[in-house]
Structure formats: C-alpha cells, structure tokens
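S.K.: These protein sequences, in sequence, are chains A and B.
Just so we're aligned, residue 1 is where the first sequence starts under the working numbering, counting upward by one.
Just so we're aligned, residue 1001 is where the second sequence starts under the working numbering, counting upward by one.
Where is the CB? At the ideal position from N, CA and C, for every residue including glycine.
In this text, all values refer to a predicted model and were calculated from it rather than measured experimentally.
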Amino acid sequence: MTPATDINAWAAQWRTPMLRFARLHLQPQEEAEDAVQDALLAAWKGMPGAQAVDDPRRYLFGILKHKITDRLRQRYRHGSMALPTPTDDLDDVLFDASEHWAAGMAPTRWHTPDAHLESDQFFLVVDLCITRLPAKAAKVFSMKELLECEPDDICYTLGLSKADYWQSMSRARKQLQLCLTQHWFDEQPHRRHAP
Amino acid sequence: MKCKEFVFLVSSGQMPQAPTATRMAGRMHRYMCGHCRAFEANDQALSRTLNGMRERQWPPVEPDATGPTDATPSDGAGPR
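1) Does the Cβ-Cβ distance between B/PHE1006 and B/GLY1026 come in under 7 Å?
2) By DSSP, does A/TRP110 sit in helix, in strand, or in coil?
3) Using a cut-off of 7 Å between C-beta atoms, extract the partners of B/GLY1052 located in chain A.
4) Note down, in chain order, each residue of its chain lying with its Cβ closer than 8 Å to the Cβ of A/ALA43, except the 5 sequence neighbours on either side.
5) Report yes if the CB atom of B/ALA1045 is closer than 7 Å to the CB atom of A/PRO113, and no otherwise.
6) Just verifying my parser: in three-state terms, what is the DSSP assignment at A/TRP10?
7) Just the C-alpha distance for A/PHE123 and A/ALA115, rounded to the nearest angstrom, thanks.
8) With a Cβ-Cβ cutoff of 7 Å, do A/LEU180 and A/CYS129 count as a contact?
9) Please tell me whether A/ASP54 has its Cβ less than 7 Å away from any Cβ of chain B.
10) Per the DSSP calculation, A/TRP44 is bridged to which residue(s)?
11) Mind pulling the chain B residues with CB within less than 7 Å of A/SER170?
12) Taking Cβ to Cβ, would you say B/SER1047 is nearer than 7 Å to A/TRP166?
13) Would you say B/ALA1025 faces chain A, with C-beta separation under 7 Å as the test?
14) Determine the burial state of A/VAL140: buried for a count of at least 16 other Cβ atoms within 10 Å of its Cβ, exposed for fewer.
15) Buried or exposed for A/SER170, going by 16 or more other Cβ atoms inside 10 Å?
16) Below 7 Å between beta carbons: does that hold for A/SER168 and A/ALA135?
17) The segment 1031-1047 of chain B: which residues have C-beta closer than 7 Å to a C-beta of chain A, in chain order?
18) Mind checking if A/LYS136 is an interface residue toward chain B, Cβ cutoff 7 Å exclusive?
19) Does any residue of chain B have a CB that is nearer than 7 Å to the CB of A/GLN182?
20) Taking the straight line between their C-alpha atoms, what separation do you get for A/ILE68 and A/HIS25?
21) What separation, rounded to the nearest whole angstrom, lies between the Cα atoms of A/ASP96 and A/ASP153?
22) For B/THR1020, return the contacting residues in chain A, with the cut-off set at a CB-CB distance below 7 Å.
23) Would you kindly check if the distance between the Cβ of A/TYR76 and the Cβ of A/THR16 is under 7 Å?
24) Is B/GLY1026 near the ligand NAD, going by C-beta to nearest heavy atom under 6 Å?
25) Would you list the residues sitting across from A/PHE95 in a DSSP beta bridge?
26) Rounding to the nearest angstrom, what Cα-Cα distance links A/ARG20 and A/GLU99 in this structure?
27) For the alpha helix (DSSP H) holding A/PRO151, just list the boundary residues, first then last.
28) Assign A/GLN74 to buried or exposed, taking buried as 16 or more other Cβ atoms, counted over all protein chains shown, within 10 Å of its Cβ.
This is how it looks when you write it as structure tokens:
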C-alpha cells in the first residue's frame, strides 16, 4: 500500500469524525472543513514517518488539534473576533457581602458522580451546560479542557492576561458545577450527600 | 481565608501552585468549611467528567461507517 493509498483510506475512515471534532471549535462549517483538509494534507506529507504509526486515529487527531489551535490563534491575534467580558458577576449570586456562601447557594457533594460517566444523557447535559457559558469563559475553557492547550498558549492566542485567564476558568468551572447540580444531580433519585 | 477566595483558587486551578502560606490557609479553610469541601469534591468530579468527555470526543475504535460525502482522490495522485 502506497502512502497516497494510506491517506486515502485514512481520509475515508476518519474524515467524518474529524469534521465532527473540528466543528466543536471552529465556525462556520467551511473553516472546520478547511482545518480537516489541512490536517489530512499534513498527515500525507508526514507519511514516510507515519507508516510506523500504530494508531492512525490518535495521529490524525493530534495533527487536527494543532491545526484548530493555529486557526484560533490567527483569528484572535489578528483581532477579527473580540471576546466580550460578561456583564453579570456570578460571585454576586454565590457569595454574600462577607464572602461566604450566600443563603441557598452553598453546594452539597454530588452523589456518586463517577457512576454517570457511562451515561449518554449525562454527557448531553454536560454539553448543554458548556454551551451556556459566556463567550470568553467558554473559549478559555474549551481550549484548556477539550483542546488541552497550555495556559500560556491560551493567553497568547486569545490576548489575555494571566489574571484574565484565571478569572475565566474560575467562572467556567463555577457555572458548570452550578448547572450540573441544577440540571442533573438534583434530578437524580438519590439526592446529594450532606457535606 | 474566605469561601470566595478558596473557591476561586480551586476553580481557577491556582491552588496547587499557590505559595505555601496560601495552600496552608486553604487547607485550614477546607477543614472548617463543609460547603467548600463539597465544592472542591465536585470540582474534582468535574475534572473526571471532562476526562470522560475528551475520551468520547475521540471517535470510537471502529471509525464512522458513513464515509465522506464528497469525492476523495482515488487515483493515488495525492491530495488536491
């Protein structure tokens, strides 16, 4: 099998899931398609070394993640998309004037959270909660947790200070915990543990 | 340390790299505040959830069976 035949076979097998992954991070669809094509081209160019690849899936997706990150860097560093800062402050809801948990807002421990990791429905709710994040927090969170970028790279790509990065990550994780509590764990037959 | 600061340090990911005095203050606060212990436990569960989500984003071992919707080169000439 020639390198060109290899890449054709890989493209036929993996293009659709690669496109599905790219569309999580890039809009419009055409940009996601371009990223997938760039990744397949890079894989073809690297083919002599790639013939020893045991896992084409991880090889192709590793290249694709870099191509997505490159496109995000171009988009944000050239100022074509500014990230608005949320106007609401979640901390004003969660904490009182003395910076302790506000009445009714204190969390309780989720009941057997790992037991839900096999549930498609659970991950649909997780995905829904992620889509509800404010734009800046969503972008920082997505690059860190889904694209597995380093914080310094995220700050450089999005033009953020470290303080901005920490604020955005904190906002994302606090809001996600609140959302999952309200829309999943509080709905379960076995209610939450006491702390 | 107040709850708001503890929650910020945990949720932003700064706690492990914080100065010793800050980490000690956090440890004491965690010892005293059950709600913040719960928040931290839930935050760790969220991390495990995100690990699971990343695994799910990778396609299954069996690739998608539907294949591409557009034509791909089949003559061995390489990508367009």
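M.R.: Per the coordinate set shown:
1) For the purposes of this step, residue 1006 of chain B is taken as residue 6 along the second sequence, with counting starting at 1. For the purposes of this step, residue 1026 of chain B is taken as residue 26 along the second sequence, with counting starting at 1. Yes.
2) Against the first sequence, residue 110 of chain A aligns to sequence position 110. In the structure shown, A/TRP110 sits in coil (DSSP, three-state: anything other than H, G, I, E or B).
3) Locating residue 1052 of chain B in the second sequence gives position 52, where the first residue counts as 1. Ordered by position in chain A, the residues that pass the 7 Å Cβ test against B/GLY1052 are LEU117.
4) If you number the first sequence from 1, residue 43 of chain A lands on position 43. Same-chain partners within the cutoff: ILE7, TRP10, ALA50, TYR59, LEU60, ILE63.
5) On the second sequence, residue 1045 of chain B is found 45 positions in, with the first residue counted as 1. On the first sequence, residue 113 of chain A is found 113 positions in, with the first residue counted as 1. Yes, they are a contact pair.
6) For the purposes of this step, residue 10 of chain A is identified with residue 10 of the first sequence, where counting begins at 1. Here A/TRP10 sits in helix by DSSP.
7) Position 123 of the first sequence, counted from the start, is the residue given in the question as residue 123 of chain A. Position 115 of the first sequence, counted from the start, is the residue given in the question as residue 115 of chain A. So the alpha carbons of these two residues sit roughly 12 Å apart.
8) Position 180 of the first sequence, counted from the start, is the residue given in the question as residue 180 of chain A. Position 129 of the first sequence, counted from the start, is the residue given in the question as residue 129 of chain A. Yes; because the gap between Cβ atoms is below 7 Å, this pair is in contact.
9) Translated into the one-based positions of the first sequence, residue 54 of chain A becomes position 54. Output row for A/ASP54: interface = no.
10) Taking the first sequence and counting its residues from 1, one reaches residue 44 of chain A at position 44. BP columns for A/TRP44 are empty, so no partner.
11) Translated into positions along the first sequence, residue 170 of chain A becomes position 170. Going along chain B in sequence order, the residues near A/SER170 (Cβ under 7 Å) are PHE1008, SER1011, SER1012.
12) Taking the second sequence and counting its residues from 1, one reaches residue 1047 of chain B at position 47. Taking the first sequence and counting its residues from 1, one reaches residue 166 of chain A at position 166. Result no, Cβ atoms of B/SER1047 and A/TRP166 do not sit closer than 7 Å.
13) For this step, residue 1025 of chain B is matched to residue 25 along the second sequence. No - not a single Cβ of chain A is within 7 Å of the one on B/ALA1025.
14) As a working note, residue 140 of chain A is residue 140 in the first sequence. Classification of A/VAL140: buried, given that the 10 Å Cβ count is 16 or more.
15) Here the question's residue 170 of chain A lines up with position 170 in the first sequence. By the neighbour-count rule (16 or more Cβ atoms within 10 Å), A/SER170 is buried.
16) Locating residue 168 of chain A in the first sequence gives position 168, where the first residue counts as 1. Locating residue 135 of chain A in the first sequence gives position 135, where the first residue counts as 1. No. Outside cutoff.
17) GLY1034, HIS1035, ARG1037, ALA1038, PHE1039, ALA1041, ASN1042, ASP1043, ALA1045, LEU1046
18) Reading the first sequence from its first residue, position 136 is the one you call residue 136 of chain A. Using a Cβ-Cβ cut-off of 7 Å, A/LYS136 does not count as an interface residue toward chain B, since no Cβ of chain B sits closer than that to its own.
19) Position 182 of the first sequence, counted from the first residue, corresponds to residue 182 of chain A. No - not a single Cβ of chain B is within 7 Å of the one on A/GLN182.
20) For the purposes of this step, residue 68 of chain A is taken as residue 68 along the first sequence, with counting starting at 1. For the purposes of this step, residue 25 of chain A is taken as residue 25 along the first sequence, with counting starting at 1. Cα to Cα, the separation comes out at about 7 Å.
21) Numbered from 1 along the first sequence, position 96 holds the residue referred to as residue 96 of chain A. Numbered from 1 along the first sequence, position 153 holds the residue referred to as residue 153 of chain A. Cα to Cα, the separation comes out at about 35 Å.
22) Sequence index remark: in the second sequence, residue 1020 of chain B carries index 20 (1-based). Correct list: empty, because the minimum Cβ distance to chain A is about 19 Å.
23) As a position in the first sequence, residue 16 of chain A is number 16, starting the count at 1. As a position in the first sequence, residue 76 of chain A is number 76, starting the count at 1. No, Cβ-Cβ distance for A/THR16 and A/TYR76 is not below 7 Å.
24) Within the structure as shown, the ligand NAD is missing, as the structure has no ligands at all.
25) As a working mapping, residue 95 of chain A is identified with position 95 in the first sequence. BP columns for A/PHE95 point to A/TRP101.
26) Indexing the first sequence from 1 puts residue 20 of chain A at position 20. Indexing the first sequence from 1 puts residue 99 of chain A at position 99. Whole-angstrom Cα-Cα distance: 42 Å.
27) Translated into positions along the first sequence, residue 151 of chain A becomes position 151. 151-158 is the span of the alpha helix (DSSP H), which, as asked, contains A/PRO151.
28) Walking along the first sequence from the start, residue 74 of chain A turns up at place 74. The residue is exposed, with fewer than 16 neighbouring Cβ atoms inside 10 Å.
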